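Mind the numbering: the sequence shown is residues -20 to -1, 1 to 302 in mature numbering (1 follows the signal peptide of the UniProt record, and there is no 0), read in order.
C-beta atoms are modelled at their ideal positions from N, C-alpha and C, and glycine is treated no differently.
Note that the structure is a prediction, hence the values are computed from the model and not measured.
To keep things clear, I will list the structure first and then write my remarks on it.
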Amino acid sequence: MKRKCCVLFCAFFLVVSVLVGCGRKNSAGAYTAVDARGKKVIFSHEPRRILTDSLHLDETLLTVVPASHLAGAYYLDSEPGLSFIAKETETLTKVREYTPESIAALHPDVFVASDWSDPLLVKKVEEMGIPVFFCHGPVTVAQIEDNVRLLALLTRQEIVGRKVINMMERELNQIEEVAASQKSRKPVGILLSLMSQYGGAGSLYDELAARGGWVNGLSKGGLKNGMPLSKEAILAARPDFFLVSAPYPSESEAYEHFLQGFFADPFYASMRDSVRMEPLADRYVYDASPMVVYGIKKMANHAYGKILFPDEPEEVLKGYEP
């Protein structure tokens, strides 16, 4: 009888131990990450299906985790004229219209948004029970680096995130050294773009120009980000070149129409002989991910009209081994 009781007790103890062990494992899987809003977002497990609503967030995310972690991809991810991750995301489902229904259909573990996201959409996604994690809509390089930190925290890849930031810093230090070594007057450039109110003081573009060692004519002409280009600003800036944001294929017609209209004005037409035209692909002008370092280099080359930074493989700055 005693032996039977002992066996039963041991069996009971084993079952309890297994149950307790399982409970500890589940609890250990849960964690909290603080996003750019300062909000604590609770996760029951490490997210494996992540969905963002923009190119810059997808690009930044893929510096800390592989594309297999994405539940879907922003539709412009596949456009090489604008994206540095066209190859990585070519097999993923593309999302053009972000609605509660299109998001839910992809079954994400988390939806990553930013200051640039639709607040009403964010509210509806949260109401569906999908965790929402906020990053910056970056207007500084520091915010890009903080987005790396945030997404590394979200994916529990903090060491990888630090590697990415270190890679960025090495690139930025090299850029600073080259820019500082230029002895000539800093050239002044004016951005010509369909985004006609982008690029003034307070924009990410304004900082990229400064880091590349040239003068953003929009801010020199007194324009803040969000203000439209004006003749008064151009006269005040006295530009050496127009940086013409070259479109990706689906926008070519709109860009051609824009430039024709711009130079149809006699005031602007009169500048074509004295101001250089420097076309540059959109991805170098508008990128807001760690690959922004490539844009700084390309814009500096065009600003100075010479090769300060030789061509190089423009790979995604991955902090992990592929």
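Three-way DSSP call (helix, strand, coil) for residue i in this model
i	result
L260	strand
V14	strand
S24	coil
S82	helix
N196	strand
V168	strand
K5	With a pLDDT of 37 at K5, under the threshold of 50, the predicted position of this residue should be treated as unreliable, though the coordinate-derived value follows. Note: K5 maps to helix in three-state DSSP.
K298	coil
Alpha-carbon spacing of residue i relative to residue j, whole angstroms
i	j	result
E26	K74	23 Å
L152	V90	32 Å
G109	N146	36 Å
G201	P259	21 Å
P270	V255	31 Å
Y78	A283	37 Å
residue 332	A66	Within the shown structure, residues of the chain are numbered from -20 to 302, placing residue 332 beyond reach of any answer.
I124	L35	13 Å
F113	A181	28 Å
P246	S225	21 Å
A10	F289	46 Å
R150	V158	13 Å
I22	M148	29 Å
CB contact check: residue i to chain D, cutoff 7 Å
i	result
R165	Given the protein chain composition of this structure (a single chain), no chain D is represented.
Beta-carbon proximity check, residue i vs residue j, cutoff 7 Å
i	j	result
L62	Y228	yes
L203	A189	no
S176	D186	no
P80	K104	yes
L172	F222	yes
Q137	V14	no
A53	D38	yes
L31	L72	no
Y300	V140	yes
R218	I276	no
G193	Q162	yes
C115	A16	yes
L41	L131	yes
Margin query: Three Cβ pairs or more, each shorter than 8 Å: is that satisfied between the segment 228 to 246 and the segment 113 to 126?
Written below: no
Margin query: Does the segment 40 to 52 come into contact with the segment 154 to 171, if we say contact requires no fewer than three beta-carbon pairs (one atom in each stretch) closer than 8 Å?
Written below: no
Next item on the list: Could you tell me which uninterrupted alpha helix (DSSP H) segments, each at least 4 residues in length, are contained entirely in the segment 111 to 182, listed from first to last along the chain?
Entry: 121 to 134 and 138 to 160
Next item on the list: Only counting runs of 3 or more residues, tell me where the beta strand (DSSP E) segments fall wholly within the segment 209 to 268, in order along the chain.
Entry: 221 to 226 and 256 to 261
Notebook entry, point to check: Which runs of the alpha helix (DSSP H) fall wholly inside the segment 29 to 85 and span at least 4 residues, in chain order?
Noted result: 35 to 41 and 80 to 84
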